[in-house]
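To keep things clear, I will list the structure first and then write my remarks on it.
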Amino acid sequence: MLSRTAILFCGTAAIVGCLSVGLCGVSDDDAIKAVLQSHSDPSDESGCAVVLDLSSGEIIHSVSVGRASAKEAFEVGGVVMPLTACIALENGTAKIDTLFSTDCDRVKYPNLPTDSNHKWDAQMSVADALVKSSNIVIGKLGADVGLDALTDGLRRFGITPPTDGVACRMAVGHGVSASVEQIAKAYAVLANHGREPWGEKRQIVKAEVADAVCKELERVTSNEGTARRAAVDGVRTAGKTGTAMRKVGGAYVADKFNATFAGFVPSDAPRYVVVVRYATGVCQMHLGGQRPAEAFSDIVRRLNF
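Written as structure tokens, this is what we have:
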């Protein structure tokens with residue numbers, strides 16, 4: 016079990032206050048680990064964080080605490096939504112301002128996920144659905160894209176879709192597994208104007224498509240979004256939350272979650288992608304927009320801009 020009291024390196028404030036080698040002999044990775052531990056909860060089984068440098072496309076930090084690693088695949092939830100939006104905009108299924116009904120219409124859209132107890136206006140745009148993390152709207156968008164196009168699009172982003180997936184659920188990350196490092200690379204493509212920042216630098220989606228989606232992800236970390244805790248004074252941030260039930264023995268368990276935040280900074284001229292995930296249980300802060308977003312914010316504060 017992780018604990019807020021588990022930080023043993025030269026005192027919490029000293030390590031969490033800097034990500035430079037040499038402070039009390041602590042490395043960058045140890046400092047990131049300290050950030051993860053400082054936001055941990057006794058219900059956590061593990062925590063992971065990666066930092067990707069967009070100038071090279073390389074993951075420069077990959078840190079984990081507890082049982083999991085940053086290379087372990089897990090069900091990612093809503094962090095897939097921006098990828099779904101890019102795929103839909105790329106193939107002309109919708110525009111960023113296209114409106115969808117917020118009714119959970121399972122006649123037209125079988126297996127459509129719900130938005131729990133949230134009450135929305137009668138219609139919501141794709142843009143607002145990203146900001147508010149609406150399963151209903153993004154689920155409908157994914158269904159309209161179609162299973163084949165959605166599957167192909169996710170593969171282009173480096174995410175392997177399930178073989179038995181349902182489009183409206185895959186669109187919101189249900190049943191979609193990836194590692195923290197894979198998510199970081201997918202978001203690197205987003206932040207790099209739709210182009211891979213490594214290798215042959217393939218253009219995965221048009222620059223104007225990626226830029227339109229990234230613009231809305233800035234709102235996610237504002238007061239109107241689901242990740243206000245990811246905001247950083249003086250730095251423009253962008254990203255997306257994900258909260259998904261975990262499977263144990265092949266079955267979903269109602270009190271175990273993957274809580275994730277994936278983002279990039281500074282959002283007006285991205286240099287780094289940072290992804291944080293906790294494998295957690297029920298607690299006061301088990302959502303992706305809570306402790307993962309807070310840890311993201313703390314890591315960003317210590318990056319060298």
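Quick note on numbering: the sequence shown equals residues 16 to 320 in the working numbering.
Even glycine gets a Cβ: it sits at the ideal position worked out from N, Cα and C.
Apart from the five residues just before and just after residue i, which ones in its own chain have a Cβ nearer than 6 angstroms to its Cβ?
i	result
T108	D159, V160
N319	none
K271	R261, G296
V181	N126
Y124	K155, A158, C183
Y267	M260
L38	Below a pLDDT of 50, predicted positions are generally treated as unreliable, and L38, at 32, falls in that range; the measurement from the model is reported next regardless. Here the set comprises nothing.
R210	K216, Q218
M16	Reliability fails at M16, whose pLDDT of 40 lies under 50, so the model's placement of it is uncertain and no value is given.
D283	R251
V122	none
V135	It is worth fixing the name first, because residue 135 is Trp in this sequence and not Val. So the list reads T117, once near-sequence residues are dropped.
V78	D44, I47, K48, A64
On the DSSP bridge assignment, give the partners of residue i in chain order.
i	result
T256	F276
I102	DSSP output for I102 lists no bridge partner at all.
D68	E73, Y287
V78	A64
G296	K271
E90	S192
A201	For A201, which the question treats as bridged, DSSP gives no partner whatsoever.
K262	Y267
V228	According to DSSP, which records beta bridges pairwise, V228 is partnered with nothing at all.
R243	None, per the DSSP bridge assignment.
L114	S140
I250	The question names Ile, but residue 250 is Val in the sequence shown. V250 pairs with V247.
R210	Q218
Assuming residue i and residue j form a contact by the criterion Cβ under 8 angstroms, report the distance between their Cβ atoms to the nearest whole angstrom.
i	j	result
M96	V187	6 angstroms
E231	L145	5 angstroms
P177	L69	About 29 angstroms separates the two Cβ atoms, so there is no contact after all.
L114	Q138	4 angstroms
V224	E105	5 angstroms
A199	F172	Going by Cβ atoms, the distance from A199 to F172 rounds to 12 angstroms, so no, they are not a contact pair.
T258	G72	In fact, because the Cβ distance is near 28 angstroms, the residues do not count as touching under 8 angstroms.
I74	E196	6 angstroms
D56	R306	7 angstroms
Using a Cβ-Cβ cutoff of less than 8 angstroms, which residues in the same chain neighbour residue i once the five nearest sequence positions on both sides are dropped?
i	result
D112	S140, V141, A142
C119	L127, T129, D130, I151
I82	At residue 82 the sequence reads Arg, which differs from the Ile that was named. Only E60, S61, A294 meet the Cβ criterion.
V263	K271
Y287	V66, L67, D68, L69, F279, V280, V315, L318
L98	G168, L169, F172, I174, A201, L205
H76	D43, D44, I47, A64, V65, V66
S149	T117, D130, H133, W135, M139, D143
T4	The structure shown does not extend to residue 4, since the chain is modelled only from 16 through 320, so no value can be given for it.
G214	G72
Please list, in chain order, all residues of the same chain as residue i whose beta carbon is under 7 angstroms from its beta carbon, the five residues on each side excluded.
i	result
V315	V247, V250, T252, V280, V289
A242	V235, T236, G254, T256, F276, G304, A308
S312	R244, A245, A246, V247
A193	A88, V91, I174
E239	V146
S116	A137, Q138
A227	L104, I111
A310	V50, L51, H54, A64, V291
A164	I102, N106
V80	L17, K48, L51, Q52, S61, G62
K86	S194, E196
Item checked: Three-pair Cβ contact test at 8 angstroms for the segment 212-221 versus the segment 177-191 -> no
Next item on the list: Assess, as a yes-or-no matter, whether the segment 192-210 is touched by the segment 300-317 under the definition of 3 or more beta carbon pairs within less than 8 angstroms.
Entry: no
Item checked: Whole runs of the alpha helix (DSSP H) within the segment 116-182, excluding any shorter than 4 residues -> 141-147, 150-160, 162-171
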